[in-house]
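The working numbering applies: residue 14 is where the sequence shown begins, and numbers increase by one.
What follows is a single structure, written as structure tokens, with notes after it.
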Amino acid sequence: MERGLGAGGGHAVTDYEPRVQDTVNSLLRALDERAGTSVDISEWVGFFAFDTMGRVAYSQDFGMLDRGEGTVEVDGRSTSISALHETTKVFGILGPVPWLIKMIIQTNLAGELAAFQQWCHSTMKYKQETFNPAASSPTDMSSHLLAFHHSAQDPTKRQTQRAIQNESILFIIAGSDTTASAITNAIFYLTRDRTRYLKLRAVLDALPDSTARSLASVRYLDHVINETLRLKPPACEGLTRETPEGGITIPASPASGTTGDVFIPGSTVVSVPTWSLHRDVRFWGADADAFRPERFEGVDLNAEITPFIPFTRGAHTCPGKALGVCVQAKAHSPVSDNHSAFRLSTQRQG
């Protein structure tokens with residue numbers, strides 16, 4: 014399922030940038046219209062992330078930002094941000110036992126979860142009905158996926174219809190929920206730390222424009238994004254993998270507190286808990302729980318020994334990483350421009 018999020022190749026970020034910018038503009042208009050009132054920024058960022066994936070994955074405007082509500086209908090089926098959150102919760106808890114998720118959906122033990130899956134499948138089916146790979150060039154993630162599917166000369170090498178439909182679930186969950194979480198948490202930390210907000214604002218103000226290329230040159234923006242992902246990784250528990258048939262041996266590492274090799278048998282489900290790794294004082298120092306973006310200065314994130322895995326690592330690293338970081342950067346720039354108008358509410362909603 015992971016391949017789909019990266020559909021379109023390395024040029025995809027540039028191709029999708031205008032759509033991301035349009036959605037950023039919609040978010041800013043919505044916030045401007047509500048200036049002087051109390052808003053749940055996590056809710057509005059959720060609308061933004063969902064609408065962004067609609068434009069990037071399906072060339073559709075789901076319209077959550079324009080309507081100011083977290084529901085959307087495609088081809089007669091509807092879903093909501095609430096259903097997305099419930100689905101994410103179930104996948105997070107039962108991810109290691111996917112057969113149980115399938116059983117829950119098929120027996121309709123979780124109506125909202127089943128409805129969300131059906132909406133995702135319907136959205137992809139609608140794309141299949143309206144996109145002709147033989148006559149049209151791919152313009153979004155789903156059409157790239159379908160074009161790749163039809164390009165296989167051997168039908169037995171093609172993905173099944175069920176697999177294609179399941180890609181739609183990945184687009185929405187991995188593409189919108191994780192992005193919304195990262196942006197919301199960054200706003201939270203910057204709202205509480207005016208010094209670092211002003212530092213970020215200064216480097217962004219010095220840019221000639223807010224294109225993805227210009228934003229990519231701002232190292233401090235990278236540090237803010239990375240520090241947020243370190244403290245609040247979207248997948249806190251870490252994704253699971255299965256050891257090879259012959260098992261693996263983890264060498265002793267005195268620096269990490271192990272004095273002997275550790276052998277893990279084959280076909281064992283393993284995981285590195287992202288939350289714990291990212292807050293381990295052995296790697297990040299005594300202030301591991303503090304928001305300090307400067308800690309990433311001079312850190313090589315590509316080095317195997319760097320204990321930073323918000324997108325996992327290796328052959329199965331998140332293929333949507335570049336797009337996800339681009340969306341975060343594009344959202345941070347203009348939102349931070351008006352950030353001085355933000356303040357934390359003393360009231361809790363919901």
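Glycine residues also receive a C-beta, built at the ideal position from the N, C-alpha and C atoms.
In this text the structure is predicted, and so the values were computed from the model without any measurement.
Go through its chain and collect everything with a Cβ distance to residue i's Cβ below 7 Å, but skip five positions before and after it.
i      : result
Arg16  : With a pLDDT of only 37 at Arg16, under 50, the local geometry of the prediction cannot be trusted, and the value read off the model is given with reservation. Closer than 7 Å at the Cβ level, and outside the excluded window around Arg16, lie Pro332.
Gly67  : Gln73, Asp74 and Phe75
Gly260 : Phe276, Ile277, Pro278 and Gly279
Phe304 : Tyr202, Asp206, Glu240 and Leu244
Val26  : Ala225, Ala335, Leu336 and Cys339
Arg209 : Leu203 and Pro306
Leu107 : Leu113 and Ile114
Asp153 : Val69, Ala70, Tyr71 and Ser72
Gly19  : A caution first: Gly19 carries a pLDDT of 47, below 50, which makes its placement in the model unreliable, though a value can still be read off. Excluding residues within five positions, the ones whose Cβ falls inside 7 Å are Pro332 and Gly333.
Gly363 : Note that Gly363 scores a pLDDT of 46, beneath 50, so its modelled location is shaky; the value from the coordinates is reported in the next line. Same-chain partners within the cutoff: there are none.
Thr100 : Leu126, Phe129 and Ile186
Ile322 : Val285, Thr287 and Leu290
Phe324 : Thr330, Cys331 and Lys334
Thr11  : Here the chain has residues from 14 to 363 only, and residue 11 is not among them.
Cys249 : Thr287 and Trp288
Gln174 : none
In the DSSP assignment, find the unbroken beta strand (DSSP E) run with residue i in it and report its ends.
i      : result
Asp161 : The question names Asp, but residue 161 is Phe in the sequence shown. It is not in any beta strand (DSSP E) - Phe161 instead sits in the alpha helix (DSSP H) that spans Met154 to Ser164.
Ser284 : Val282 to Ser284
Arg254 : Thr253 to Glu255
Val275 : Val275 to Ile277
Ile263 : Ile261 to Ile263
For residue i versus residue j, is the C-beta spacing smaller than 8 Å?
i      : j      : result
Thr253 : Ser289 : no
Ser155 : Lys140 : yes
Thr92  : Trp132 : yes
Pro109 : Val282 : yes
Pro264 : Asp274 : yes
Leu220 : Val231 : yes
Phe129 : Ala96  : yes
Ile94  : Phe63  : yes
Asp302 : Arg292 : yes
Thr287 : Gly251 : yes
Gln172 : His163 : no
Over what stretch of residues does the alpha helix (DSSP H) that includes residue i continue unbroken?
i      : result
Phe61  : Ile54 to Tyr71
His329 : Careful: His329 lies outside any alpha helix (DSSP H) and carries neither H nor E.
Ala301 : Run containing Ala301: none; DSSP gives neither H nor E here.
Glu240 : Arg232 to Leu244
Thr204 : Thr191 to Arg205
Ile177 : Gln174 to Ile185
Ala225 : Ala225 to Ala229
Leu290 : Thr287 to His291
Residues in the same chain with beta-carbon distance under 6 Å from residue i, minus the five sequence neighbours each way, listed in chain order, please.
i      : result
Ile238 : Gln341
Thr136 : Val87 and Ser181
Pro247 : Thr191 and Ser194
Ser223 : Ser346
Thr271 : Ala265
Glu317 : none
For residue i, collect the residues of the same chain with a Cβ closer than 8 Å to its Cβ; drop the 5 residues on either side in sequence, then sort them by chain order.
i      : result
Tyr233 : Lys212, Leu213, Val216 and Pro306
Lys343 : Glu30, Val33, Gln34, Val37, Ser223, Ala225 and Leu228
Gln178 : Cys133, His134, Met137 and Lys138
Arg80  : none
Ile118 : Leu126, Ala127 and Gln130
Val52  : Leu44
Glu310 : Arg232 and His236
Ser189 : Gly59, Ala62, Phe63, Thr65, Met66 and Leu97
Measure how close the beta-carbons of residue i and residue j come, nearest whole angstrom, since I'm counting them as under 8 Å.
i      : j      : result
Met77  : Val85  : 6 Å
Ile186 : Phe104 : 7 Å
Thr197 : Val58  : 5 Å
Glu56  : Gly89  : That pair is no contact at about 26 Å.
Ala160 : Pro146 : 4 Å
Just list the alpha helix (DSSP H) runs in the segment 72 to 156, keeping only unbroken ones of 4 residues or longer that don't cross its boundaries, in chain order. 77 to 80, 94 to 107, 111 to 119 and 124 to 143
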